[in-house]
Amino acid sequence: MSLYSAGVEYGIHCLLYLVDERGDTRESSVRDLAALQGVPQEYLAKVFTKLARAGLVVATEGVRGGFRLARPSDEITVLDIVTAIDGPKKLFDCREIRERCTLFDGSPPGWATEGTCAIHAVMLGAQKRMEEALAQQTILDLARRVGRKAPAAFGQQVNEWMGERRDGKGGGDIPVSQV
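Sequential numbering from 43 applies to the sequence shown in our numbering.
This is the structure in structure tokens:
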């Protein structure tokens, strides 16, 4: 079982399509982002509602409206996105089992229960390190990684596809395998 929902994956991928590896932003509709990636539009619309509520994207006006990043891509962290979509998540929920030892006969001594549970402390440390790692990675960092991996023509192909969709010409007819 994964800690984060599919919405987190969808949201991060969508935000990557709203920026290129130089940090230049694009705008797109949820409908087009769903079509581009083959993900459910209705679910993606709910994801974008959460992203907008968190101030990570803003809606653009007009017939060709959609969404764009609300802040520069180097100021939006993966942790921002995760928290916006799934809310704060705990890795561990301490049940205070240490209080239930049968040897305590229902009355645990102070030494057994004072302070943070040692197991809980380890899990809190792991959560802190995970959140720090997510906070260190921005959308721009991810876009640059994708840009280094993808063929040079892919970014142009995405721009053309989105432009055709925005201009009402359909788009999406060029398979990625031809890049």
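Ideal placement from N, C-alpha and C gives every residue a C-beta, glycine not left out.
Query: Pick out whichever of Asp-135, Lys-132, Phe-134, Pro-151 has its Cα sitting closest to the Cα of Glu-141.; Result: Pro-151
Query: Could you name the residues of the same chain whose beta carbon sits closer than 7 Å to that of Arg-73, not counting the 5 residues immediately before and after it, in chain order?; Result: Gln-83
Query: Can you tell me where the alpha helix (DSSP H) with Ala-77 in it begins and where it stops?; Result: 72 to 79
Query: So, Gly-65 versus Leu-182, is the Cβ gap smaller than 8 Å?; Result: yes
Query: Using only the alpha-carbon positions, how far apart do Asp-209 and Glu-51 sit?; Result: 28 Å
Query: Which one of Ala-175, Leu-145, Ala-177, Ile-139 has the shortest CA to CA distance from Ala-160?; Result: Ile-139
Query: State the CB to CB distance for the pair Glu-63 and Gly-189, rounded to an integer number of angstroms; the pair is presumed to be in contact (CB under 8 Å).; Result: 3 Å
Query: Going by CA-CA distance only, name the one from Val-81, Gly-49, Arg-113 that's closest to Thr-67.; Result: Arg-113
Query: Leu-57 and Ile-118 - do their beta-carbons sit closer together than 8 Å?; Result: yes
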